[in-house]
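For the sequence shown, this note's numbering assigns the number 828 to the initial residue and increments by one for each residue that follows.
Each residue gets a CB set at the ideal place from its N, CA and C atoms; glycine is no exception.
Working notes for the structure below.
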Amino acid sequence: MLISVCIASYKRPEGLNRLLTGLNQLTFNKCETPEIEVIIVDNDVTGSASKVCTSQLLKFKWKMKYSIEQQRGISYARNKAIACVNKNANFIAFIDDDEVPHPSWLDELLFVQQTHNADVVTGPALPHFIKSDVPNWIIQGKFFEPQRHPTGHILKVAFTNNVLIRSSILHNIDKIFDERFALSGGEDSHFFMRLYRAGYKLIWADQALVYEWIPESRTNIKWILQRGYLGWSRHSFCERELYPSIILLTIRITKGIALIAQGLCFILPSLFFGQHQFIKALLRIYKGVGTLAGIAGMRYQAYKITQGI
828 MLISVCIASY KRPEGLNRLL TGLNQLTFNK CETPEIEVII VDNDVTGSAS
878 KVCTSQLLKF KWKMKYSIEQ QRGISYARNK AIACVNKNAN FIAFIDDDEV
928 PHPSWLDELL FVQQTHNADV VTGPALPHFI KSDVPNWIIQ GKFFEPQRHP
978 TGHILKVAFT NNVLIRSSIL HNIDKIFDER FALSGGEDSH FFMRLYRAGY
1028 KLIWADQALV YEWIPESRTN IKWILQRGYL GWSRHSFCER ELYPSIILLT
1078 IRITKGIALI AQGLCFILPS LFFGQHQFIK ALLRIYKGVG TLAGIAGMRY
1128 QAYKITQGI
């Protein structure tokens, strides 16, 4: 069995180095150890990731491929990664360059895939704060904690920060990740929603853990609110395009308005229950506005700026 692990990287040498070190420590106890190739696509035309890859190569126990994608944008980089995949690969995994996998990460994804005969398996990305003195309201509010499900739960969408895909389902799909989303993000949501709509099985693996390294620049109100806006905007944009139903559109608009109304109602009472509750109220408003913005076709080009960590 051959698994291709794909990484799109852009000016994050420290993060990429941590990730490759983590991939080198993968273990397999539930499944037989597969053959693994790790594909790094550098979206920096200067090839800034090449030094990291070269330094890791001598001690790296898996096969490594390195390539540069000159066209700027996350969709281009991820499509290039898939183009580099060995034609005999059974599965393709994606993980981000600001994450580190648990040693059993790929073993868990593969085990759940085999148990449920899944086409796509995804798991949680847990927060790892680079600075230890994180504001208390962030911990109390659990703003970086992912939504989790029991293993085996069927999903309608997945993300490329932690996912395993049966490679055979990609053979008849051209341009896996829509290039319209190259700088806005949301290309992964769009792709996996297309798979679900086509009848493929997306399954949750709750013990397939990766850890997202969160820099100090993200532990603030502005970044959290922006992330809430963007996430809900991308989802509603994709849903509007893939499910052009008047009924569904009405439901999404109603939900967006309801989130805004709830946030406004909770703002004053939340002042008596701590800063984290106040920010949760604001976050509801931002999610609601994001939902309506996505329905209106508005997209923010979040990938024009990338934080290197």
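Check whether the segment 1022 to 1034 touches the segment 942 to 950, counting contact only when three or more Cβ pairs, one atom from each stretch, lie closer than 8 Å.
yes
Rounded C-beta distance between Ile1030 and His929? I'm assuming under 8 Å.
By one-based count along the sequence shown, residue 1030 stands at place 203. By one-based count along the sequence shown, residue 929 stands at place 102. That belief does not hold up - the Cβ atoms of Ile1030 and His929 are roughly 18 Å apart, past 8 Å.
Burial state of Glu896, where buried means 16 or more other Cβ atoms lie within 10 Å:
For the purposes of this step, residue 896 is taken as residue 69 along the sequence shown, with counting starting at 1. Classification for Glu896: buried.
Mind checking who Trp1040 pairs with in its DSSP beta bridge?
For the purposes of this step, residue 1040 is identified with residue 213 of the sequence shown, where counting begins at 1. In the DSSP output, where bridge partners are listed per residue, Trp1040 has His955.
Contacts around Ala834, its chain only, beta-carbon distance under 6 Å, and the 5 residues preceding and following it disregarded:
Walking along the sequence shown from the start, residue 834 turns up at place 7. The question names Ala, yet the displayed sequence has Ile at residue 834. Cβ within range, chain order: Ile867, Asp924.
What does the alpha-carbon distance come out to for the pair Ile1136 and Ile996?
For the purposes of this step, residue 1136 is taken as residue 309 along the sequence shown, with counting starting at 1. For the purposes of this step, residue 996 is taken as residue 169 along the sequence shown, with counting starting at 1. Below a pLDDT of 50, predicted positions are generally treated as unreliable, and Ile1136, at 49, falls in that range; the measurement from the model is reported next regardless. About 34 Å.
Are Ser1072 and Gly1121 closer than 8 Å when you measure CB to CB?
Reading the sequence shown from its first residue, position 245 is the one you call residue 1072. Reading the sequence shown from its first residue, position 294 is the one you call residue 1121. Against a cut-off of 8 Å, the Cβ pair of Gly1121 and Ser1072 comes out as no contact.
Would you call Thr1180 buried or exposed, if buried means 16 or more other Cβ atoms sit within 10 Å of its Cβ?
What the structure shows of the chain is the stretch from 828 to 1136, and residue 1180 is not part of that stretch, so it cannot be assessed.
Element boundaries [alpha helix (DSSP H), containing Asn906]
Position 79 of the sequence shown, counted from the start, is the residue given in the question as residue 906. Looking at the DSSP string, the run of the alpha helix (DSSP H) that includes Asn906 is 901 to 910.
Would you check if there are 3 or more beta carbon pairs closer than 8 Å linking the segment 957 to 966 to the segment 994 to 1012?
no
Suppose you measure from the CA of Glu1006 to the CA of Met1125; what does that come to, to the nearest Å?
Numbered from its first residue, the sequence shown carries residue 1006 at position 179. Numbered from its first residue, the sequence shown carries residue 1125 at position 298. Those two C-alpha atoms are separated by around 16 Å.
Does the segment 1006 to 1015 come into contact with the segment 1038 to 1049, if we say contact requires no fewer than three beta-carbon pairs (one atom in each stretch) closer than 8 Å?
no
If you compare alpha carbons, which of Ala1123, Asp934, Tyr1070 is closest to Thr860?
Counting from 1 along the sequence shown, the entry for residue 860 is found at position 33. Of the candidates Ala1123, Asp934, Tyr1070, the one whose C-alpha sits nearest the C-alpha of Thr860 is Asp934.
Nearest chain B C-beta to Ile996 closer than 8 Å, yes or no?
As a matter of chain content, chain B is missing from the structure shown, which is built from one protein chain.
Taking the runs of the alpha helix (DSSP H) that are 4 residues or longer, which of them lie wholly in the segment 924 to 997?
932 to 943, 963 to 968
Those residues which DSSP pairs with Met891 across a bridge:
As a first step, residue 891 is located in the sequence shown; it is residue number 64 there, counting from the start. DSSP lists Val865 as partners of Met891.
beta-carbon Val984 near the ligand HEM non-hydrogen atom, thresh 7 Å
Among the components of this structure there are no ligands whatsoever, and the ligand HEM is therefore not found.
Classify Gln898 as buried or exposed, calling it buried when 16 or more other Cβ atoms lie within 10 Å of its own Cβ.
Working through the sequence shown from its first residue, we reach residue 898 at position 71. By the 10 Å Cβ count, Gln898 comes out exposed.
Could you tell me how far apart the beta carbons of Gly1055 and Gly1117 are, in whole angstroms, since I believe they sit closer than 8 Å?
Taking the sequence shown and counting its residues from 1, one reaches residue 1055 at position 228. Taking the sequence shown and counting its residues from 1, one reaches residue 1117 at position 290. Going by Cβ atoms, the distance from Gly1055 to Gly1117 rounds to 7 Å, so yes, they are a contact pair.
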